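J.: If you're matching positions, the sequence shown starts at 251 in the numbering used here and goes up one per residue. In this text, a Cβ means the ideal position worked out from N, Cα and C, and glycines have one as well. Computed from a predicted structure; not experimentally measured. Here it is, the structure, as C-alpha cells.
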Amino acid sequence: MQQTLILLKPDAVQRRLIGEVTGRFERKGLRLAGLKFVQASRSLAESHYAVHKGKPFYESLIQFLTSGPTVAMVWEGREAVAVCRLMMGATDGAKSPPGTIRGDFSLSVQNNLIHGSDSPENAAAEIALWFESKELVSHTTTDSKWIG
Ligand code: IDP
Ligand code: MG
C-alpha cells in the first residue's frame, strides 16, 4: 500500500484547521499510519526542504516551518501520493481551485497550510525523516473491503 508524508504546517495549526484538513483525508478513504505533533528544529526543517536550499524564499520557508508546531502524518492507500497532492491543490493558494485544501483555505504562496510528498521515493525519505519506524502503526480498518 502506498504511503505519503503529510505535514499540517504551522499556519494550519495556528488557524485551527487540523480537524478540517485531517477529516478530508479520513473521508477520502486513506488510512492513518502515523501521527505526531512536532515543534520542528531548524535542522529538521533544513533537511525536509533541502531541495529548495539556495532559492530566494528558502530562509523565510525555514523560519515558517519552525515558527510553531506542525502536525506530521503518514497516510496510506491506493495512489496515496498523487491523491493527496490533488486534494492539496497548487502551491499558490490563490491559484488553487476551490475544493482543494489550499484552494479553500489559503491565499498565500508560502503560507499554504500543507505539505505532501511529490513521489513515492520522496515519500519514503520524508517519512524516515519525520518518523521512526516503530512510530508507524500497521493495521486494517473494518471498511477496507469497500475502499479501492
Ligand atoms: P509544494 O509544497 O506545492 O510541493 P514546493 O515548490 O515544493 O511546493 O515548495 C515548498 C514550499 O515552499 C511551498 O509549499 C511553499 O510553502 C514554499 N514556497 C514555494 N515557492 C515559494 C515562493 O515562490 N515564495 C515563497 N514561498 C514559496
Ligand atoms: Mg514540494
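Going by other Cβ atoms of all chains shown within 10 Å of its Cβ, with 16 needed for buried, is R298 buried or exposed?
T.: Residue mapping note: residue 298 aligns to position 48 of the sequence shown, counting from 1. The amino acid occupying residue 298 in the given sequence is His; Arg does not appear at that position. Buried: at least 16 other Cβ atoms inside 10 Å.
J.: Please report how far the alpha carbon of R266 lies from the alpha carbon of A340, in whole angstroms.
T.: Position 16 of the sequence shown, counting from 1, holds the residue named residue 266. Position 90 of the sequence shown, counting from 1, holds the residue named residue 340. Distance between the alpha carbons of R266 and A340 is about 21 Å.
J.: Within this structure, are the beta carbons of E329 and A283 separated by less than 8 Å?
T.: By one-based count along the sequence shown, residue 329 stands at place 79. By one-based count along the sequence shown, residue 283 stands at place 33. No, these two residues do not count as a Cβ contact at 8 Å.
J.: Give me the residue from S369, H365, L386 and H389 with the minimum Cα distance to V321.
T.: As a first step, residue 321 must be located in the sequence shown, where it is residue number 71. Comparing Cα-Cα distances from V321 to each of S369, H365, L386 and H389, the minimum goes to H365.
J.: Say whether the segment 347-364 touches the segment 380-388, bearing in mind that this needs 3 or more beta-carbon pairs closer than 8 Å, one atom from each stretch.
T.: With the cut-off at 8 Å, the segment 347-364 and the segment 380-388 do not touch.
J.: So which of A300, V333 and V387 has the shortest CA-CA distance to K278?
T.: One-based indexing of the sequence shown puts residue 278 at position 28. Minimum Cα distance to K278 is reached at V333.
J.: Note down the Cα distance separating V288 from W396, rounded to an integer number of angstroms.
T.: Within the sequence shown, residue 288 is the residue found at index 38, counting from 1. Within the sequence shown, residue 396 is the residue found at index 146, counting from 1. Their Cα atoms are separated by approximately 33 Å.
J.: Could you check the C-alpha separation between P260 and F314 for me, to the nearest Å?
T.: Locating residue 260 in the sequence shown gives position 10, where the first residue counts as 1. Locating residue 314 in the sequence shown gives position 64, where the first residue counts as 1. Each residue's Cα considered, the two are about 7 Å apart.
J.: Helix, strand or coil: which one does DSSP assign to P260?
T.: Stepping through the sequence shown from its first residue, residue 260 is reached at position 10. Helix.
J.: Give the DSSP-derived three-state secondary structure of E326 in the structure shown.
T.: Looking up residue 326 in the sequence shown gives position 76. In this structure, E326 counts as strand in the three-state DSSP scheme.
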